[in-house]
Ligand code: MN
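Residue numbers (the numbering used here): 3 to 712.
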């Protein structure tokens with residue numbers, strides 16, 4: 003175990019102004035609070051928070067964070083309270099410990115790994131102080147390092163899976179490469195012990211075979227550099243079994259092809275020395291063409307800086323070399339945590355904290371791919387979302403402003419339709435309550451309940467609104483009688499008869515229906531088709547009516563849309579509605595439009611409300627998954643942005659950078675400070691559009707971005 007004075011010394015080594023007293027008190031408090039609790043290994047429990055604090059000193063975190071590491075389990079696992087922590091250690095530490103406790107209460111359900119993405123977003127949304135996340139990662143790292151003490155293989159696998167799905171990606175997201183690698187490798191060890199063992203065995207065989215080649219090369223590099231008065235630290239780069247495994251999976255290559263290259267890292271004090279070192283290395287050994295990359299003068303988008311080169315080394319061996327400063331290395335290893343190390347922000351100074359947070363956001367925004375970008379912009383983006391839980395702990399993401407009604411329909415339509423009340427965090431709350439992040443929602447149900455139409459105004463999600471509307475369409479008897487009448491009227495007219503002149507009694511008799519009214523109801527509800535009624539009265543007439551979906555049709559314009567519509571024969575004209583511009587990925591419905599074939603709308607398009615009492619015109623539609631990549635679709639967004647020079651250029655550049663094609667741009671409103679634009683953009687699908695919207699929202703000059711529907 004790390005001694006009290008050792009911990010203080012470790013922090014003092016990088017922060018001479020350390021609050022020694024704070025650390026001493028946190029050490030003693032945590033040790034007493036955990037008392038004689040034991041870990042699975044049999045060690046005193048206190049060894050765990052102590053090791054976590056130790057990991058935080060490896061990351062060179064500030065004193066408050068290290069103290070938080072010591073205290074992180076006290077609120078959850080001991081009798082200590084928030085008030086006590088705040089009284090003894092101040093508001094900042096108490097807030098951090100609280101944040102870590104909150105994250106600890108979320109356990110990823112092993113069955114629902116598909117929810118991992120949501121959990122990652124939720125974590126980011128909750129960690130409004132990034133140090134909370136860093137402590138949580140250190141906590142998980144120590145738990146993974148000691149996971150072998152847990153006896154049940156099932157439990158080990160669950161924890162390893164959670165680490166792989168949730169914590170390793172989070173570590174990568176905030177640039178903590180080293181933590182990410184170790185978490186992945188430890189998870190791999192417990193998830194697939196056989197695969198890891200065979201790769202590790204192969205690696206050690208190769209290492210043995212290479213003898214002390216690695217050491218000789220490192221020494222040759224060091225000697226050559228110091229002959230030119232360059233002071234450098236040289237490290238051999240060890241390949242991790244998991245990264246080799248991933249490469250073997252991804253690239254379908256064998257171990258031999260991956261294992262033959264040796265990697266070295268040269269760390270120096272400053273940038274000019276990096277280039278001097280490069281000159282020396284290239285002067286001493288011949289470089290492999292096409293392998294030189296200068297990420298110092300042009301950093302990667304995530305701010306990664308380093309020089310990469312490959313040379314035929316001193317032993318005629320191909321070696322990969324990375325040259326960088328110690329600071330660049332810290333940033334590549336510890337990501338955002340390195341900011342404390344080199345910029346020494348004073349986290350208690352709110353201006354500085356704000357500034358740091360802004361910079362963090364910038365780093366997060368500079369992601370490699372649009373998907374990452376979407377995640378990284380959580381600071382602006384996820385304020386649009388709230389994440390709530392079912393009593394079983396499943397996560398339900400909802401748009402901001404969502405109510406328990408939206409929650410109920412998000413869980414299941416039946417739950418929504420039978421909902422009579424809601425308990426939010428255990429307390430009965432009105433159904434119009436606006437849900438907030440982390441709410442646990444329990445829906446109170448009754449079999450006799452039906453959803454009142456007024457709920458449509460309370461619900462904010464398209465899903466809930468469409469379901470409420472659908473319910474009324476399906477359950478309003480009066481409406482159905484009227485509808486049946488209209489349908490029959492139309493079918494009769496088409497066949498050349500006048501419904502008003504007909505007596506329907508013979509049809510009722512042959513279809514075993516009691517009355518004319520019930521017949522209308524049966525037709526309106528779709529239990530009996532108008533065609534069958536026609537045939538009952540006029541045998542031979544039925545077929546004329548069956549083709550109504552396919553006739554009459556307009557020219558489809560030559561372009562086939564990647565949509566599947568159930569029950570529609572080939573050749574039917576299908577068009578995407580111009581009111582809502584459906585995109586692949588949207589939930590859609592087809593609307594039979596006489597004279598034009600089938601128009602496809604998004605499920606929440608305002609146009610649908612106008613024809614909602616005519617459900618025979620609705621046909622089920624869905625996107626053809628295979629075809630979605632081959633088409634570009636028009637979409638419209640409304641952007642409100644600052645009225646200042648150059649903003650349009652920024653906007654257009656950003657859309658272009660995200661592979662969107664602007665086809666039209668219209669200013670709809672303009673004031674001194676703000677103006678509103680309607681922009682038509684061609685995109686591939688809903689996700690593509692969401693990426694672009696996220697990117698736009700992250701622009702400082704942009705006030706709001708909304709997709710236009712209908
Ligand atoms: Mn812990």
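We treat Cβ as the ideally placed atom computed from N, Cα and C, and that holds for glycine.
What you are looking at is a predicted structure, and each value in this text was computed from that prediction instead of being measured.
Which listed residue (the options) has its alpha carbon closest to that of residue i
{"i": "residue 288", "options": "473, 313, 277, 274", "result": "313"}
{"i": "residue 169", "options": "149, 191, 139", "result": "139"}
{"i": "residue 74", "options": "105, 63, 61", "result": "105"}
{"i": "residue 2", "options": "177, 392, 16", "result": "The displayed coordinates of the chain run from 3 to 712. Any statement about residue 2 would go beyond what the structure contains."}
{"i": "residue 674", "options": "668, 657, 643", "result": "643"}
{"i": "residue 634", "options": "641, 72, 587, 676", "result": "587"}
{"i": "residue 392", "options": "427, 450, 505", "result": "427"}
{"i": "residue 645", "options": "229, 218, 671, 659", "result": "671"}
{"i": "residue 511", "options": "526, 539, 485, 440", "result": "539"}
{"i": "residue 216", "options": "323, 4, 281", "result": "323"}
{"i": "residue 226", "options": "676, 247, 78, 279", "result": "279"}
{"i": "residue 25", "options": "488, 79, 7, 34", "result": "7"}
{"i": "residue 315", "options": "594, 243, 223", "result": "223"}
{"i": "residue 707", "options": "687, 686, 682", "result": "682"}
{"i": "residue 410", "options": "429, 439, 453", "result": "453"}
{"i": "residue 622", "options": "317, 636, 601, 639", "result": "601"}
{"i": "residue 690", "options": "585, 604, 145, 680", "result": "585"}
{"i": "residue 326", "options": "295, 320, 317", "result": "295"}
{"i": "residue 12", "options": "33, 678, 64", "result": "64"}
{"i": "residue 658", "options": "677, 685, 678, 640", "result": "685"}
{"i": "residue 184", "options": "494, 241, 249, 594", "result": "241"}
Endpoints, the beta strand (DSSP E) within which residue i is located
{"i": "residue 620", "result": "620 to 625"}
{"i": "residue 668", "result": "663 to 672"}
{"i": "residue 576", "result": "576 to 578"}
{"i": "residue 429", "result": "429 to 431"}
{"i": "residue 266", "result": "264 to 270"}
{"i": "residue 708", "result": "704 to 709"}
{"i": "residue 320", "result": "320 to 327"}
Boundaries (first-last residue) of the alpha helix (DSSP H) holding residue i
{"i": "residue 537", "result": "532 to 539"}
{"i": "residue 235", "result": "Where residue 235 is concerned, there is no enclosing alpha helix (DSSP H), although the beta strand (DSSP E) it sits in stretches over 235 to 239."}
{"i": "residue 400", "result": "Element bounds for residue 400: not the alpha helix (DSSP H) but the beta strand (DSSP E), 397 to 401."}
{"i": "residue 312", "result": "Taken as a continuous stretch (DSSP letters only), residue 312 belongs to no alpha helix (DSSP H), being part of the beta strand (DSSP E) at 309 to 314."}
{"i": "residue 10", "result": "6 to 16"}
{"i": "residue 161", "result": "155 to 164"}
{"i": "residue 97", "result": "84 to 106"}
{"i": "residue 512", "result": "507 to 512"}
{"i": "residue 302", "result": "Premise fails: residue 302 is in no alpha helix (DSSP H) and is neither H nor E."}
{"i": "residue 613", "result": "Unbroken run through residue 613: none, as it is neither H nor E."}
{"i": "residue 182", "result": "179 to 193"}
{"i": "residue 171", "result": "170 to 175"}
{"i": "residue 408", "result": "406 to 413"}
Bridge-paired residues (DSSP) for residue i
{"i": "residue 685", "result": "635"}
{"i": "residue 586", "result": "588"}
{"i": "residue 211", "result": "Residue 211 pairs with nothing; no bridge assigned."}
{"i": "residue 423", "result": "446"}
{"i": "residue 138", "result": "For residue 138, which the question treats as bridged, DSSP gives no partner whatsoever."}
{"i": "residue 644", "result": "676"}
{"i": "residue 603", "result": "591"}
{"i": "residue 390", "result": "398"}
{"i": "residue 289", "result": "313"}
{"i": "residue 46", "result": "40"}
{"i": "residue 296", "result": "309"}
_Residues with C-beta closer than 5 Å to any heavy atom of ligand 1, in chain order_ = 75, 141
*For the region 225 to 235 against the region 264 to 272, are there 3 or more C-beta pairs whose distance is under 8 Å?*
yes
_Segment contact flag, the region 4 to 23 with the region 60 to 68, C-beta cutoff 8 Å, min 3 pairs_ = yes
_So, does the region 493 to 501 touch the region 466 to 475, judging by three or more C-beta pairs under 8 Å?_
No: fewer than three Cβ pairs fall under 8 Å.
_Sufficient close CB pairs (3 or more, under 8 Å) joining the region 664 to 671 to the region 691 to 707_ = no
*Is the number of C-beta pairs between the region 430 to 441 and the region 405 to 415 that are closer than 8 Å three or more?*
yes
*asked:* Three or more C-beta pairs under 8 Å: does that hold for the region 196 to 207 against the region 159 to 168?
replied: no
*Can we say the region 417 to 425 touches the region 436 to 447, given the rule of at least three CB pairs closer than 8 Å?*
These segments touch.
*Would you be able to state if there are at least three C-beta pairs under 8 Å between the region 205 to 221 and the region 137 to 151?*
no
*asked:* Pairs of beta-carbons, one from the region 88 to 105 and one from the region 41 to 53, closer than 8 Å: are there three or more?
replied: no
*Does the pairing of the region 649 to 662 with the region 698 to 705 give three or more beta-carbon distances under 8 Å?*
These segments touch.
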